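So in my numbering the end of the sequence shown lands on 1165, straight run, no missing numbers.
Yeah, the Cβ is synthetic: ideal placement off N, Cα and C, and Gly gets one too.
Because the structure is a prediction, the values reported are computed rather than measured.
Let me begin by presenting the structure, written as C-alpha cells, before commenting on it.
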Amino acid sequence: MNQTVSPLSQHDQQTLSYCQQLLANNRFIEAKNRLAGLLSLYPLQPSVLELAFSIELRCQNFAQAEQHYQTLIDNTDQPKQQQLWLIALLEAKEEHFALLIALEKVLDEFGEETQTRFKHGLVAMAAGNILLAEQSFLMLKEHKKVLPHLLLNLGHVYKAKGESDKAISYYREFIVDNPAQCGVGYWSMADIKDFTFTVEDNKKLQSLLANKSVDLGNKALIGFATARGYEQQKRYDLAFAAMSDANRVFEQHRPFRGNLFQAMVNDMISGVSNQKIEAPVSGNFAPIFIVGMPRSGTTLVEQILASHSKVGATDELQYIERIGLTLERSGGYVKQLGNLANDRRQALAEQYINQVQQYFIEHQVIAIDKNPNNFLHIGLIKTLFPQAKIINVVRNPLDNALSVFKQYFSRGHEYSYSMKGITFYWQGYLALMHHWKRTFGQEIYHLSYESLTNDAEQEIRNLLEYCQLDFESQCLSFYKSDRVVLTPSVSQVKQPINKRSVNSWQHYQPFIQEHMPTFEQIIAQTQALLERS
C-alpha cells in the first residue's frame, strides 16, 4: 500500500545523482556507502530505493536486493515498472526460466517491444530453449527490427542446432551490416569446427589485420580467426604467430590473476577433507558432474551420457560456483564448508535442486551438470550430494594446451592467453585433482580422452557402470541425437568418436620448445592421476 513519501531536498537530490554516477562508473561500494544516509532518511522514496536495489544487484547481494524490491512493490502502483524490477532481479540472479515467464508477461500485457523481445530470445538461449530463441529472433527479423546483434545471435542459434550453413550465412550477413564488429563475426565462423575459410576470406582477414583503423579488441578476434585459417591450410608457423599475437592483446586487458587461483587451490588442499557424509540431504537426487580442463572432451562425455534414457543434460551451469561464492561472502568458503550445519547443507542442496530441475519436465531423470570449472568445487559437491557421480575428463596436456591457446573465451579462462599461464593452471588443476583423489578415492571417475577414442565401446560401458546405469546402445550412437549443444564442440559431437585431434599438438612442437620440460612434468602427473588406485 502506498504511503506519503517526502520529496528529496535539492542537496539530497544532488547526492542521489552523485551515487548514480558512482554506480555508472562501477564504484559499487562507494555508491552504497554514500546512499546509506539517504536510505535512512527516505526509506520509502522510490528513486532512492530503486538505486539501492540496483547497487545490491551489481554487488550480487541478492537477499538485500530482494528486500528493496519488495519495498518498491509495496509502495508503488506501476504494474509495468514492477515487472521490470522483477526482470532486473531475475536477470541478475540468472534465473532464466522464471525470467522467461516474466518477459512473456510484459510482452503479453504491455505489447510488443523490440528490446524486450530480443532479451526474450537471449534468455531462451541461456535456458537452452533454442527453438524459442529462434522464434523470437526470427519474429524481430521478419518485422525488420534493426538490432546490431540480431543476425549474430541467429547465427548462434543455428550453430547450436548443428545447421552450420545457416549459421555461416547469418554470420556473413552480420559482418556486412556491422563492419566495426567484423571480428566477432569472423571468430564466430572460425569457431564452427567443420567450417573452412575460403581463399577470399583468408585474404580479407589478412587485410583487416594490416588495417590500422581496426580497433585492438576487434583485431585480436580477427587474429584468432586468421590463425584458424592458417591452420586449415597447414601453415602452422603462421597460425601460431597469429594466435600468439591475439592472445597477447587479451592478456594485456584481461590479466590472469594466478595468485588468487593458487590461493584457492592451496586453501582447498589444506582445508577440505573427506568428512564421510553418508546421509544424503537430497533424497534420491544424485546428479552427474562432469569436470576437467576446458577443451578436454567434457561435451563429448555429456553427449554420450545424455543419450541414455534415464539421463538429462542441462548447460554449463554456474549454480555450484554461486553457492561457493555465497559461502565465501558469509565467512570464507573453505571455513564455511568444513562447518556446515545439516539445516544449512539441506537448504543449499535444495536451492541447487530447484534450479537444476527447471530444465526437466520429468524430475526423475538423472541430471548432468557439465561445468569444467567445477573441479575446484568437488569438496562442496560431495558435501551437498555425497551420492553424486563425478567424472573428471583428462586429455593429453599438450593437445589440451594448444586447443585452449587457439580458443577465444568470451569470459573467464584468462590463463589461456599464454603458455606460461596454461601450464600454471594445469599444475594447479592436477594438484587439486590429486588431492580429491586422495580424499574421495574411487568416488571420482578419471576418464582418459585418448582411451575413449581408442576403445569407445568399452570405455562407454565402463562409464555407464560407474554411473550405475544399464548399457543402452544409443549411447554409442550419441552423435545421432538431435539435442542442441551450446559449446564450440557442437560439430565435433555430431559425428562418431575419432582420433583426429589426438597428438594434434605436434604441429606446433617447434614453437613451444621452451615449455616442454614443464609439460613433461605435467604429463607424468597426469598419468599418475589416471592410474587406478
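| Check | Outcome |
| --- | --- |
| Beta-carbon proximity list for F742, same chain, < 7 Å, skipping 5 on both sides | K712 |
| Cα-Cα separation between L670 and K725, rounded to whole angstroms | 26 Å |
| For S1123, the three-state DSSP class (helix, strand or coil) | For S1123, the predicted structure reports a pLDDT of 48, less than 50, and the residue's modelled location is therefore unreliable. A value from the coordinates is still provided. Here S1123 sits in coil by DSSP. |
| Test item: CB-CB of L784 and L772 under 7 Å | no |
| Contact between the segment 1133-1149 and the segment 1027-1041 (3+ Cβ pairs under 8 Å) | yes |
| As assigned by DSSP and simplified to three states, the class of D975 | helix |
| DSSP bridge partner residues for D706 (one or two, in chain order) | For D706, which the question treats as bridged, DSSP gives no partner whatsoever. |
| For N1024, the residue or residues it bridges with in DSSP | V923 and H1078 |
| Under the three-state DSSP convention, the category D1001 falls into | strand |
| Neighbourhood of L716 by C-beta distance below 8 Å, restricted to the same chain and skipping five residues each side | V738 |
| Completely contained alpha helix (DSSP H) runs for the segment 771-835, where each covers 4 or more residues | 782-792, 796-809 and 814-822 |
| E1089 versus S1105, E863 and E1075, residue with shortest Cα-Cα distance | S1105 |
| Beta strand (DSSP E) runs wholly inside the segment 725-758, at least 3 long, in chain order | none |
| heavy atom of the ligand PLP below 6 Å from A938 C-beta | Annotation note on the ligand PLP: not contained in the displayed structure, which lists no ligands. |
| For V637, three-class secondary structure by DSSP | coil |
| CA nearest to the CA of F806, picked from E795, W819 and G794 | W819 |
| Alpha carbon of L648 to alpha carbon of L640, nearest angstrom | 9 Å |
| First through last residue of the alpha helix (DSSP H) which encompasses N898 | G890 to G903 |
| Classification of A842 by the beta-carbon crowding that lies within 10 angstroms, buried from 16 upward | exposed |
| V846 in three-state terms, based on DSSP | coil |
| Of the residues H1009, C1107 and E1082, the one placed nearest W1068, counting alpha carbons only | H1009 |
| Selected residue, minimal CA-CA separation from R1164, among A973, I1076 and E1146 | I1076 |
| Cβ-based neighbour list, Q990, same chain, cut-off 6 Å, excluding 5 preceding and 5 following | F729 |
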